[in-house]
Each structure stands twice: as C-alpha cells, then as structure tokens.
Amino acid sequence: MATIQITLPDGAKRDVQSGTTPADIARQISPGLAKEALVARVNGELWDLSRPLDHSTSLAILTPKDPEAIQVLRHSAAHLMAAAVIELFPDVKLGIGPPIENGFFYEFLRPESFTQEDLERIENKMHELAAQNVPNERKLVPKPEALKLYRDSKQEFKCELVEEKATEPMVSFYTTGKFIDFCRGPHIPSTGRIRAFKLTNVAGAYWKGHEGNPQMQRIYALCFYTEAELNEYLHKLEEAKRRDHRKLGPELDLFSIQDEAGPGLIFWHPKGGLIRRLVEDWLRDELQRRGYDLVFTPHVMRLDLWKTSGHTGFYRDNMFSPIEIEKADYQIKPMNCPGHILIYKSHLRSYRELPLRFAELGTVYRYERTGVLHGLLRVRGFTQDDAHIFCRPDQIESEVEACVDFAFAVMKTFGFDRYEVELSEWDAAHPENYAGKPEDWNRATAALADTLSRMKVPYKRIEGEAAFYGPKIDIKLIDAIGRPWQLTTVQFDFNLPSRFGLEYVGEDGARHQPLMVHRALLGSVERFFGILIEHYAGAFPAWLAPVQASILPVSGKFSDYAKSVEDKLRVAGIRVHLDDRNEKLQAKIRDAQLQKIPYMLIVGGKEAESGAVSVRHRTKGDLGPQPLEQFLAALRQEVDARRSS
Ligand SMILES: [Zn+2]
Ligand SMILES: [Zn+2]
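In our numbering, the protein residues as written are -17 to 627.
Structure (structure tokens):
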C-alpha cells in the first residue's frame, strides 16, 4: 500500500498508509483529541472522520472549539430527527434538512399536521436513538441505483434532488439506523454526541420555496453542544420576548403606530417624547461642545437636486414618489446629505474655515416594504442624528478619531459597555465598481485603520463590504442580553463632492475638493429608542425615566402632606407623580413597579410628622425612611451623573 504524507495545522508531517482515516490520526495524536473530535478538515474541505485519506494532504481535526464544527453537529442532528420521524411516521415523504443558525430543520410531507404531542414523541425518540450511539455511515451508490432506491420507497422529492444535484456517477448517501439520506455530508461519527436539542415549532413551507408546489411541514429545532448552552439560549429568547419594545411601548405608554395614519410611522406619546427630548438635549449639548454647527434643512426639495446627487438612480427604490407643484417635481427627502451640501456651497470656502461639521436631527422618509417594517427598528419616517464633515486631507485622521470618541461617549452615557467595530473596505480587484480614485480609497482606508489602531480599538476588516462611494467604520453595540445592534457609521464619500463640484480655496490659492464624511451616532432616534427600551427592559435609569418618583400616600388622610412633597420635588425639577387614587398601598406599589418607576415614596403619619418619605426602589426594594431633602439630594446626584442603574 502506498504511503501518503499528512501535514497537520502546526506544520508537523506524518507519513501514513493510504486508507488511514482522520479518526486513526486523531487517536495517534492523543486519546483526548480522538474523544473530542467531530469532523476533519482535509485540504480546506470538511470531511468525515471515518472517511479514508487516499492522497497527501493537509489535515485538521475539528472539535467543539472550532467554529465550523457546530454546523456539522446540527446537520447530523437534523438526520437524527429524520430518523426518529421515519420510525414514528413511516409514510412521511422527506424534503430537505439543513443546519441553520442555532439549530436545524427537516421538512416532511404528511397529510396530517404534526402536533405538539408529536413533537414530544419525536424528541423522545431522538434521545433514544442518540443514546444508542447509532453510527452515521457514508456510502457511495451509482446514480441509477440511488434513483431506484428512492423510487421504490416512494420518496419523490428525494428523486427530484438526486436528478438535479447528483452530477457525478456515484452518489453519496448517509445512513443513521433505518434512515438513509442523499447527502453531501459530512457528519459526526455517531449520534451519541447529540444531546442538547429542543424541537421548537412546525412551519409550512412550499417545496423548494415555490408557491404552487406541495406544502411541506418544517420541524424546527435548536441544537447546541451542551444542555447549559441550550438553556442559556432559551433564556435569552425569553428575555428578548420580555424586553420586546413592541410589547413594552404600549404597556408603558411610550409610543404607538396607528393604522389610521399608515404603517411605519411613529407617534411619540408624552412619556416617549420626554425621553426623546432628553436624548436629543444630551446630543445637542455634546454637538455644541465638540465643534459641530447645528443646521436645519427642508423636508421637501426639488427632484432635480436628487438627480444631481444620484439618488434618483441608485436610491430610487427607497424613495417616496415625487410630488408635483407648479409643474415642477419635488421629493420628500430620504437623506440629509444634499441639504448640507447646499449649505456648504452657499459661498466659497477657504481652507481656514475647514473642518466644517454640519449636524442636524434630520427627519427623513424612506419607502420600506410593508413586510420588513418592524416596530421602531424599521420604519418609514425617522429622524437621523446626522452630520456631514467637510475637511482637508490633513484633518481627516483627527476628524475620524473625534467621531469614534463621540460614539464611545454615546455608549457610556446610555449604559452600553461592549461593542464591535468593523471597517468596510472596497474590493481592490474591481475598482470599476466604485466612485473615487484608488489613491483616495487607499488613503481613506488607511486613515480609518490607523485611527482605530492608534485609539487601540479592536476591529475587523471586511473586504468588499464598502458602499460604492467610500470606506466606512461601523460600530455595533452589544446590549444587556448580548445582542449586537448596528448603530454608529462613519462613512467616507468620494461621490457627492465631485457630483456637486464642492471646493475650497487652499493655502496655495488654488481650488481643491474637500473630503466629505457622513456620520450618524445613534443612527435614527426612533431605532435608538427601540434599542434603549429593550436594553433597559423598559426600566429607564432615573435620568431618563419619564416619571422618576411616585408618591404613594398610605391613605387619604395624608394627601395634604403628599401634595406638599409633590410640589417640593416638582419645583426642584424632579419628574414626579402623585398616586392619590383611593387604592390600597399594595396596589399602588404594584402599579408603580409595572410602570418601572425608579422610586416610590410612601408617606403616612410618621413621615408627615418628621418631613420624611419612606423610600422604595423598583429593584433594591425598601430603603427605609429618609428626610425629604436627603432623598432629593441623592436623586439629584444620580440624575446629574446620568447613572445607568
Ligand atoms: Zn444531510
Ligand atoms: Zn449623508
């Protein structure tokens, strides 16, 4: 038998007999590795551990530590589920069963619907088969034989797949007990490692996604390596449901979307509006401090302007239709950029004026399909915290740095401490797809990268992800339950300055084109509000809470004193609510808790006598009696510091 040479990831080489399997090599390396191994990577391709090696190649043994391995486990779990279904419901027709994010599905055709009870039975059967540690075996079958096999077992969908997808004379099959599947693989060696899964739901799906085709039943499942990971994920789902801004919005009376007005359009109720004002006030103060100029631009402008900017070309699908007035077409703005450009162009600029930073809380309207609208997160009308920076090439690094620093200030202020940064570059092999010269791209990309490195901000470079008009930095915040949210964008633009013929007079007296950067920190105020609601689960920190303290008199007897407490707090600038309903104290506390009001101030005889309040915090519980002045001073401090908890 021939000898082949295997190169391991650390560069070590091993000479082995042709026909040796990755599993054999894993055993030679260490029993621990053999036990952990799930699948191999052979010359870049995923490969069964039991599949013989017949040529010299590179080889890696993958364990749960390797990110690619989990999808192989999930794919094998899909086969395990199909094996269980075949045992319980032998007449089902099989569709496809791929791994997906966090789990897998398999689809079946069956006249009756799968019920919740069926799912439980399937899940139990899967555990039974997993415990038997049934091997997943690969075999090659000539194509005609494969077709006959499926025809005999009346699996017409599988016949269709073999006809379409099998391009070689030999077709690869995997068997798990009685279940046999036309499948490219690879799979984990046997079912014993599939332990942590949960069938979640059944959904209808047309065969191959084409309407008119038979409707399959897809059984969806979650699947992880361990029970602990599965439970953590289930907990996260539960949490996400509890925090859903579409549920909390009406419960806390923050905002609404009214069918009468149209989809994707947001009504900010008094409490939501108050939070919005606080967010905007903070932002405007910061803009002022950081050398931005606040501008305002019209909501409707001539369509011709959008032709100059190019939006009628590459952005048309996202725009509302034009409106005709006095035989001229006008466009509701989908972006603020052209407006800011017109302000820049209103007179000739000198190098001494730069950088110019025009900021606007600019409301824009975009046509989003009804199907993609989602609460506050995807809407048709929204207000961007938009800014455009016009600067000289020698100023670009400090401008980018200032933007990133501003983004970090947003995160700190609103209680986010984790983030991810991405740098989107162009695809240098296809300069024809982009606006701007290669040297512009290289310089701008280097400016972004150097700035991030200098600031010691870890980031990921993504080639080919840039918009056609320039490279960008995206910052994603990670919220309280670990979900990433795309927020800040710092985006170069080589397109608009040349389309609008922007220029400034340089030190040399000649005309130059300024660099232009679009940047939004919150993205849109609506979306940011949605994220904040979910991040805080509706329990806004005291500085943002629409009602900071609720006064709860224990009975009507103390309403005069309660009223005096209310007046004092209100005059001191505290947002306060007096709950003087004729209700039991317990009911008032419960309602204040449900409204997630940070402080409840309980007042009765003892408090009235001593000018005190009994303080109760929504999460810390009873904090005992305090002189009113003391409570007020502490709350003031908490609000001024914008403490997040
Ligand atoms: Zn498969
Ligand atoms: Zn812009």
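Even for Gly, the Cβ is constructed at its ideal location relative to N, Cα and C.
Owing to the predicted nature of the structure, the values given are computational and were not obtained by experimental measurement.
query: Environment of ligand 2 in chain order, Cβ to heavy atom below 7 Å; result: Met317, Asn318, Cys319, Asp368, His370, His500
query: Val67 - containing alpha helix (DSSP H), residue span; result: 51 to 70
query: Runs of beta strand (DSSP E) lying entirely within the stretch 175 to 257, each at least 3 residues, in chain order; result: 178 to 188, 197 to 206, 237 to 239, 248 to 250
query: Tyr156 CB to nearest heavy atom of ligand 1 below 7 Å; result: yes
query: Rounded separation between Arg33 and Gly26 - CA only; result: 15 Å
query: Identity of the residues DSSP links to Trp29 by a beta bridge; result: Ala22
query: Exposure label - Tyr188; buried when at least 16 CB within 10 Å; result: exposed
query: Simplified DSSP assignment, three categories, for Lys570; result: helix
query: Three-state class that DSSP yields for Lys438 in the structure shown; result: coil
query: Closest residue to Trp288 among Val585, Gln608, Gln313 (Cα-Cα distance); result: Gln313
query: Boundaries of the alpha helix (DSSP H) in which Phe139 is found, first to last residue; result: 138 to 147
query: Ordered list of beta strand (DSSP E) runs contained in the stretch 80 to 164, each at least 3 residues; result: 85 to 91, 118 to 124, 152 to 158, 161 to 164
query: Residues that Tyr486 bridges to, as DSSP identifies them; result: Arg331, His494
query: Cut-off 6 Å between Cβ atoms - residues of its own chain near Phe364, not counting five sequence neighbours on either side; result: Ser506, Glu508
query: Beta bridge counterpart(s) of Gly363 as assigned by DSSP; result: Tyr347
query: With 16 other Cβ atoms within 10 Å as the buried cut-off, status of Ser291; result: buried
query: Where Ser380 falls, given that 16 or more other Cβ within 10 Å makes a residue buried; result: exposed
query: Backbone secondary structure at Ser546 - three-state DSSP; result: helix
query: Member of Glu94, Lys130, Gly273 whose CA lies at the smallest distance from the CA of Ala384; result: Gly273
query: Backbone CA spacing between Arg374 and Glu335 [nearest angstrom]; result: 10 Å
query: Short Cβ contact (8 Å threshold) for Arg351 with Met301; result: no
query: Cys165 Cβ short of 7 Å to ligand 1 heavy atom set; result: yes
query: The stretch 155 to 166 contacting the stretch 117 to 134, beta-carbon criterion three pairs below 8 Å; result: yes
query: Range covered by the alpha helix (DSSP H) that runs through Pro609; result: That residue, Pro609, is in no alpha helix (DSSP H); its beta strand (DSSP E) goes 603 to 609.
query: Under 8 Å between C-beta atoms of Gln199 and Phe71; result: no
query: Nearest-angstrom Cα separation, counted from Gly344 out to Pro280; result: 9 Å
query: One or two residues paired with Phe474 in a DSSP bridge; result: Val499
query: Status (buried if at least 16 other CB within 10 Å, exposed otherwise) for Asp490; result: exposed
query: Under the three-state DSSP convention, the category Ala449 falls into; result: strand
query: Close-in-space but distant-in-sequence residues of the same chain around Gln377 (CB under 6 Å, 5 per side omitted); result: Pro337
query: At least 3 beta-carbon pairs within less than 8 Å: the stretch 110 to 122 vs the stretch 77 to 93; result: no
query: Which of helix, strand or coil DSSP assigns to Gly321; result: helix
query: Run of the alpha helix (DSSP H) containing Thr559, from where it starts to where it stops; result: Thr is not the amino acid found at residue 559; the sequence shown has His there. Run containing His559: none in the alpha helix (DSSP H); it sits in the beta strand (DSSP E), 558 to 560.
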